[in-house]
Structure formats: structure tokens, C-alpha cells
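Colleague: Per our numbering, residue 637 is the first one in the sequence shown, and the count goes up by one each step. This is the structure I have questions about; it appears just below.
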Amino acid sequence: MNPDQMGNQMGRSSTPPTSAPPTVARSLVWLVIGLFFVWGGATSLNDVLIPKLKGLFSLSYAEVMLTQFAFFMAYAIVSIPAGTVIARIGYVRGLVLGLVIMVIGALLFWPAASAGVYGGFLIALFILAGGITILQVAANPLIASLGDPAGASSRLTFAQAFNSLGTTIFPYIGSMLILGSVAATDPATIAPAALPAFRSAEGAVVAHIYLGIAVVLAIVAAIFWSLRRSLPTETPDEVGFMDSIRLLGRPRILFGVVALFAYVGAEVSIGSLLVSYLEQPTTLALNAQSAGKHLSFYWGGAMVGRFIGAWLLARISPGKLLATFATVAAALVLVSIGTHGGIAGWSMIAVGLFNSIMFPTIFSLTLQGLGKKTPEGSGLLCMAIVGGAIVPLLTGGLADASTVATAMIIPIICYVIIVAFGLFAAKTKEA
């Protein structure tokens, strides 16, 4: 997953930001769109990083899923504080803050690799994700407010397409750079005294990639800092934690939060295990690098499905279409784990196509009719992205206890929950 619409409502002001000059507004739009691309790509790189770290540190599936746990826990911990901070410093400065924190997180991959310590990578991922969370909280409402209000939805959709483009391109490049260098030596066969040096050398490949990302992010942060006075009075309303929690008493909100938790968990679980799954002799029997490249089809399917889904959503009840897509996704996973060879491999990859509309549709259906309470409801949905931390951990544990294929039962359960929410939302009008 990729939770690219997390901040659509988060931190939305009751009064629009001060208008920027047209030239500045256009520049900001393209710069913010670039951020969508970067954070989508950075998030999807986790799926390539997982098999690398699994082999490097001889980890179980449950242990290596701590990478996603560390990453997505940031959404639960940082979302509400991010809204509070941005309410004080404004959107553009909030973007700069998010970028700086991302730079710090990316730079921390270097000492983690040098030390050859798995925990160091987890800390770096958490900080990197904290910066991405701040970006999402600030970027979505900002881009919606830049330019003609009538074109807000168009700008958001266009930006989200670039997010999907990032999730499609980065895994392909990452698989060549990270998985293409997977050592032929099994770390388990190396003497304990030699392991730190081995891990440091292998981890340097990852460190160099994230060092390059840090340099790019620093340049972008400097550009945004130069534009910090372009919207001098734009600040969103602050959203209180308890204001959000009270909304859980409404069935539609509670169900929507659970459905979003399930969706992010299912999408991330499949993406995280897909490389290992496609390496299995019972599926496509690919090597690590080739399997990593196939991640682009999974995330690319979500990009294509978003365009198709946008057309369908204008003609079909969103709740019913959500239930249909979730049903097909569950069926594809079931077909995959019940078959072998190409059918098993490509059925799992095809799930990405049907994941496409789930996040934005669950998000919008949950907030439908919420009125002035929309920012509070959005805060809850932002926190629900922690499903990307918890569900993959459970899936990895089941993979250790049985097989990767058997572990995919957990995403199926998640899709069943989404089906139920879609049908429920189709019958109820408002929160």
C-alpha cells in the first residue's frame, strides 16, 4: 500500500489558506506532486528491503516484518501530533519539517549498515516514516487549496497518480540495486566473528541508496524553505485526539476505521511477502532480483486500477463497487494459494489491480455526511493505517509456522471485512 490519500481531510481548515500568486501556486502544485511521487516510492522500497534484510540477518518472516511494523507505527504515533504542529507552523513549513525528518531517517541507514545491526534499520525506517506522515498530513490539503477550488479533486487525483507511479518505479529500480547484489554466501555459514564485517559490506549497498535519497530530499527541502513565505497565513485547524476518539461511538466511523486498518494490512502483507512468494518453486520460481521487479506489476496494477475505478465510481454505488473489488481480491488470493505455477504467481500479482480503489473509497465513505467533524474522523482514519504494522507481523508469524501461501489466509480475512463494510456503507447514507 500505499496510503496515498491519508491526508485528504486531515488538518483541513475551516477557512481556506491565503491565496498565493498564480505563478507561485503553480510551482507549489508541481513541487507537491513531486512529493507524492517520492514518498510513494520510499514506502514501496520496503518491499524490496525486506528480502535483503531477511537474508542478511537470517531472520524469520515474523522478525523481518518488524520493518513494516516500525514503518507503519509512525502513522499511529505521528498523525495527530503532526496535525497539531502544522496547525501552528503552516503547511509549507510543515512540508519542510517532514522532509528534514525524512533526511534524518534516510541518513541513519548509514550507521545502521556500518554497525550491521538490524535494530538500527528499524529506527531509521521509523524516523523516515515519521517524516512521510507529516508530509501527508500537510500536502493533501495544501494541494487541494492551491488554485481554482473547482479543480481541487482533479489536482488531488493527478497527484495521487504520481504517488502510484512512484510505487511502480521504485521497486523495479530497487530490486536491481538492492536485490541484484544479494550475496551468494549464506550468513549462517559465516563465523560469528566475521558476521559484522559481512553485514556491514552488504548493508552498504542499502546505505548508499538511502544516502542518495537523503541528498534529493535535502535539495527539495531547501526549495520549499525558499517558498515558506508564499502562503504566510495558511494554517489548518488543530484536531484534538479526544475529539477523534469520541467518534468511534458511531457505527459507520468505527466500521470504516476497522476496514481501513484491514485494507492497509492486507495490501502491505501481500506486498511484503510477494518477493519471497514468487521465489517459491510452487509459483514462478524466480530469483530475488526478478521477483523484486515483479513488484512493479503489483503496484502498477493499483495505478491502472485507480483510473479505471475513477470511471466506474461515477456510475456505480461506491459501497457496492468496493465490496465487488474486495470480493475479487479475496478470490484471487484464494486461487493463488490453491494453485501452482504461473496461475498462482500472477493471481497474487493481480490483487494490486483490485486494491486500487479501496483506500480512497473507504476513506470517503467513512467520512460521508460527517460535516464539521470531518477533520476528527480523518484523524482516526490516519491512525488506522497502523494496520500496515500489525497485520503483516501476524502474517509473517503464520508464514513461519506454516508456509507463505498459507499465511495469505490473513489478507483474505481482511478483504472479507472490507466486503462487509462496502455492503454496510451502501445501505447507510451518513456517519
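Beta carbons are placed, not taken as given, at the ideal position from N, Cα and C, and that holds for glycine. Please read these numbers as outputs of a predicted model, since none were measured by experiment.
1) Could you say which of Cys1050, Leu743, Ser1014, Val1055 lies nearest to isoleucine 1026 if we only look at CA atoms?
2) Which residues mark the beginning and the end of the alpha helix (DSSP H) in which phenylalanine 834 is found?
3) How would you call histidine 671, buried or exposed, if buried means at least 16 neighbouring beta carbons within 10 angstroms?
4) Using 8 Å as the threshold, is the segment 802-810 in touch with the segment 932-952, meaning 3 or more CB pairs across them?
5) Give a yes or no on whether the C-beta atoms belonging to isoleucine 973 and alanine 1041 are separated by under 7 Å.
6) Taking one C-beta from the segment 846-854 and one from the segment 714-730 each time, how about it: are there three or more such pairs within less than 8 Å?
7) Across the segment 903-917 and the segment 679-690, are there enough close Cβ pairs to call them in contact, namely three or more that are closer than 8 Å?
8) Would leucine 744 and alanine 760 qualify as a contact pair, given that the criterion is a beta-carbon distance under 7 Å?
9) Would histidine 976 be called buried (16 or more neighbouring beta carbons within 10 Å of its own) or exposed?
10) Out of Arg886, Val964, Val842, Gly941, which has the shortest C-alpha to C-alpha gap to valine 1052?
11) Touching or not, the segment 1004-1017 and the segment 693-712, by the rule of three or more beta carbon pairs under 8 Å?
12) State the DSSP-derived secondary structure class of threonine 1064, mapped to helix, strand or coil.
13) Could you give the DSSP three-state label for proline 653: helix, strand or coil?
14) Roughly how far, in whole angstroms, is the beta-carbon of methionine 994 from the beta-carbon of tyrosine 711, given that I think they are within contact range, below 8 Å?
15) What's the C-alpha gap between isoleucine 952 and leucine 989?
16) What residue does the alpha helix (DSSP H) around isoleucine 998 start on, and which one ends it?
17) Going by other Cβ atoms of all chains shown within 10 Å of its Cβ, with 16 needed for buried, is tryptophan 746 buried or exposed?
18) With the cut-off set at 7 Å, would you say valine 674 and alanine 854 are in Cβ contact?
19) I need the DSSP call for methionine 738, collapsed to helix, strand or coil.
20) Given that a residue counts as buried once 16 or more other Cβ atoms are within 10 Å of its Cβ, and exposed if not, what is asparagine 682?
21) By the DSSP assignment, the alpha helix (DSSP H) with glycine 816 in it spans what residues?
22) Nearest by alpha-carbon distance to alanine 678: which of Ile845, Gly730, Leu667 is it?
23) Would you report the Cα separation of tyrosine 754 and threonine 769, rounded to the nearest angstrom?
24) Does DSSP put alanine 950 in a helix, a strand or coil?
25) Going by C-alpha to C-alpha distance, which of Val987, Leu863, Gly885, Ala924 sits closest to alanine 902?
26) For a test of the three-state rule: what should DSSP assign to glycine 752, helix, strand or coil?
27) Identify whether histidine 976 lies in helix, strand or coil by the three-state DSSP scheme.
28) Can you give me the C-alpha to C-alpha distance between valine 940 and leucine 664, rounded to a whole angstrom?
29) Taking the alpha-carbon positions, what's the isoleucine 944 to glycine 734 distance?
30) Considering only C-alpha positions, which residue in the set Leu1001, Glu838, Gly1032 is nearest to leucine 1017?
Modeller: A quick look at the data gives this:
1) By one-based count along the sequence shown, residue 1026 stands at place 390. Of Cys1050, Leu743, Ser1014, Val1055, the residue nearest in Cα terms is Cys1050.
2) As a position in the sequence shown, residue 834 is number 198, starting the count at 1. Start and end: 831-862.
3) For this step, residue 671 is matched to residue 35 along the sequence shown. Residue identity differs from the one stated: residue 671 is leucine in this sequence, not histidine. Result: buried.
4) yes
5) Stepping through the sequence shown from its first residue, residue 973 is reached at position 337. Stepping through the sequence shown from its first residue, residue 1041 is reached at position 405. Yes, they are a contact pair.
6) no
7) yes
8) Numbered from its first residue, the sequence shown carries residue 744 at position 108. Numbered from its first residue, the sequence shown carries residue 760 at position 124. Yes, these two residues count as a Cβ contact at 7 Å.
9) As a working mapping, residue 976 is identified with position 340 in the sequence shown. Histidine 976 comes out exposed.
10) As a first step, residue 1052 is located in the sequence shown; it is residue number 416 there, counting from the start. That would be Val964, whose Cα lies nearest to the Cα of valine 1052.
11) no
12) Position 428 of the sequence shown, counting from 1, holds the residue named residue 1064. In this structure, threonine 1064 counts as coil in the three-state DSSP scheme.
13) In the sequence shown, counting from the first residue as 1, residue 653 sits at position 17. Here proline 653 scores only 46 on pLDDT, less than 50, and its place in the model is too uncertain to base an answer on.
14) Taking the first residue of the sequence shown as 1, we reach residue 994 at position 358. Taking the first residue of the sequence shown as 1, we reach residue 711 at position 75. In fact, because the Cβ distance is near 16 Å, the residues do not count as touching under 8 Å.
15) Within the sequence shown, the letter at position 316 stands for residue 952. Within the sequence shown, the letter at position 353 stands for residue 989. Rounded to whole angstroms, isoleucine 952 to leucine 989 spans 18 Å at the Cα level.
16) Numbered from 1 along the sequence shown, position 362 holds the residue referred to as residue 998. Segment 994-1003, the alpha helix (DSSP H) holding isoleucine 998.
17) On the sequence shown, residue 746 is found 110 positions in, with the first residue counted as 1. Result: buried.
18) Here residue 674 refers to the residue found at position 38 when the sequence shown is read from its first residue. Here residue 854 refers to the residue found at position 218 when the sequence shown is read from its first residue. Their beta carbons are not under 7 Å apart, which means valine 674 does not touch alanine 854 by this criterion.
19) To locate residue 738, count along the sequence shown from 1; it is residue 102. Note: methionine 738 maps to helix in three-state DSSP.
20) As a working mapping, residue 682 is identified with position 46 in the sequence shown. Asparagine 682 comes out buried.
21) Within the sequence shown, the letter at position 180 stands for residue 816. No alpha helix (DSSP H) contains glycine 816, which DSSP labels as neither H nor E.
22) Stepping through the sequence shown from its first residue, residue 678 is reached at position 42. Nearest of Ile845, Gly730, Leu667 to alanine 678, Cα basis: Ile845.
23) Position 118 of the sequence shown holds residue 754. Position 133 of the sequence shown holds residue 769. Tyrosine 754 and threonine 769: Cα-Cα distance of roughly 23 Å.
24) For this step, residue 950 is matched to residue 314 along the sequence shown. Reduced to three states, the DSSP call for alanine 950 is coil.
25) Within the sequence shown, the letter at position 266 stands for residue 902. Of the listed residues, the one whose Cα sits closest to alanine 902 is Val987.
26) Within the sequence shown, numbered from 1, the residue matching residue 752 stands at position 116. The answer is coil: DSSP assigns glycine 752 none of H, G, I, E or B.
27) Mapped onto the sequence shown, residue 976 falls at position 340. Three-state DSSP puts histidine 976 in coil, outside helix and strand.
28) Counted from its first residue, the sequence shown places residue 940 at position 304. Counted from its first residue, the sequence shown places residue 664 at position 28. Whole-angstrom Cα-Cα distance: 26 Å.
29) Here residue 944 refers to the residue found at position 308 when the sequence shown is read from its first residue. Here residue 734 refers to the residue found at position 98 when the sequence shown is read from its first residue. Rounded to whole angstroms, isoleucine 944 to glycine 734 spans 32 Å at the Cα level.
30) Start at 1 with the first residue of the sequence shown, and residue 1017 comes out as number 381. Ranking Leu1001, Glu838, Gly1032 by Cα distance to leucine 1017 puts Leu1001 first.
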